[in-house]
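Encoded as structure tokens, the structure appears first; notes follow it.
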Amino acid sequence: MVFVLEGRNGYLRTAGQQSVNICNAGARPSEGQGQCDFIIYLQHGFHVTDVECGNRHTIVNLVSWLVHYKQGRIAKQPDGFVLLDLEDVRPPRGVFIPPPVPPEPPPPQQDETSWIQRAVAICDATINEVVEDFLEAPYLHRVEHSIHCLLFTALANHRHFQGEYQLHEGNHTQLIHKEWPETIPRPEKANRRGNFDLAILSPARVANASLGQFKEGRIVPTICIEVGLDYDCSHLQADAAKLSNSLNRADINRGYLIHLVREQNDDPSTNSLLNAPGHDRISTVYGRVFGDQRFCKLISDANQ
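In the numbering used here, the protein residues as written are 7 to 310.
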């Protein structure tokens, strides 16, 4: 996996212990470690994606983030290199990516599989950032809906999701939606459809949908997201059941469970559910603040 930062190529090695390698100016990843200015090995159980690395804005920010947040070990660095302090590593709260760039129109007959793979990688990185922000400032948001707004904005600012897309009958819409109806009704809800907190449609599915399907929420999303703030395990179980029901019976590619709590004791039932949410296409993240203590599970971390 390759990324570009400050005009330099970087790449991830994933065999065994993951490493992040940043090439010399003008060097290519294929030229090997001899052409690298930086080699950072991550501790076992920690992983990063090319999207996360490319979104760190500067090389010094990336390397410092890997050391402070991913317990990285620097195996190679230029003479005189100095890490940033912990408080200087993160961008300002709520800033996840560079300012938006006008989107390029999607090519004809765009491959949906590659589009979805990229969308999932972006969601993984952005949702991890939301959890890290929460751990730094747990009372920045009073209510859950404020976090919905933060997540919607962060995703919508990414070029992959920007622009207007034409429905089959000519009307236009965007790809990210709040309160999108469940794809499959649940018997325990009297076969009525609730709503997903956030949903992402693919350009291909929008292009094949009628205005009626859009207005009724009958387009199957590619990605669905559920967020919980300060709830107990029963709420998390309900969100997991909602996602599992639709993922089991519809072509939804990824579901996300985001569980954030403040001043609550550790709950083994919650931990078990986060590590086994009931479907292999559900990714879970967790942030818990208790006094001065911080606990988290990110998408890229091993289950604990």
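For glycine and all other residues, C-beta sits at the position ideal for the given N, C-alpha and C.
Helix, strand or coil for residue i, going by three-state DSSP, please let me know.
i	result
Ile103	Per-residue confidence for Ile103 stands at a pLDDT of 42, beneath the threshold of 50, marking its modelled position as unreliable; no derived number is given.
Val69	helix
Gly293	strand
Pro108	Low confidence applies here, because Pro108 scores a pLDDT of 44, under 50, leaving its location unreliable; read the following figure in that light. Of the three classes helix, strand and coil, the one that applies to Pro108 here is coil, per DSSP.
Ser208	coil
Gln23	coil
Glu150	helix
Tyr75	helix
Asn30	coil
Leu18	strand
Ile305	coil
Report the residue from the options whose alpha carbon sits nearest the alpha carbon of residue i.
i	options	result
Lys221	His265, Ser250 and Leu173	Leu173
Asp139	Ala160, Ala125 and Val126	Ala160
Arg124	Glu188, Thr189 and Thr228	Thr228
Gly13	Ile65, Phe44 and Gln49	Ile65
Gln219	Val69, Asn197, Cys29 and Asn177	Asn177
Cys42	His63, Leu48 and Gly16	Gly16
Asp236	Leu48, Gln180, Ile264 and Ala247	Ile264
Asn197	Thr179, Arg165, Lys248 and Ala162	Lys248
By Cβ distance, which residues of its chain are closer than 8 Å to residue i, with the 5 residues on each side in sequence left out?
i	result
Asn134	Glu58, Val291, Leu304, Ile305 and Ser306
Is it the case that the CB of residue i approaches a heavy atom of the ligand ZN more closely than 7 Å?
i	result
Glu142	Although the ligand ZN was asked about, the structure shown includes no ligands whatsoever.
Beta-carbon within less than 7 Å of residue i's beta-carbon, same chain only, minus the 5 sequence neighbours each way: which residues are those?
i	result
Ala215	Leu173, His174 and Ile225
Phe301	Arg294
Quick one: using the 10 Å Cβ neighbour count with 16 as the cut-off for buried, is residue i buried or exposed?
i	result
His50	exposed
Ser25	buried
Glu170	exposed
Pro209	buried
Gly86	exposed
Might you give, ordered along the chain, the residues of its own chain that have their beta carbon closer than 6 Å to the beta carbon of residue i, omitting 5 neighbours on each side?
i	result
Ile80	Ile46
Thr189	Val226, Ser252 and Ala256
Leu266	Phe140, Leu235 and Gly293
- Message: Is it the case that the region 293-300 contacts the region 269-276, given that we only count it when at least three CB pairs across the two stretches are under 8 Å?
- Response: yes
- Message: Could you check whether the region 150-160 touches the region 196-204, counting it as contact only if at least three pairs of C-beta atoms, one from each stretch, sit closer than 8 Å?
- Response: yes
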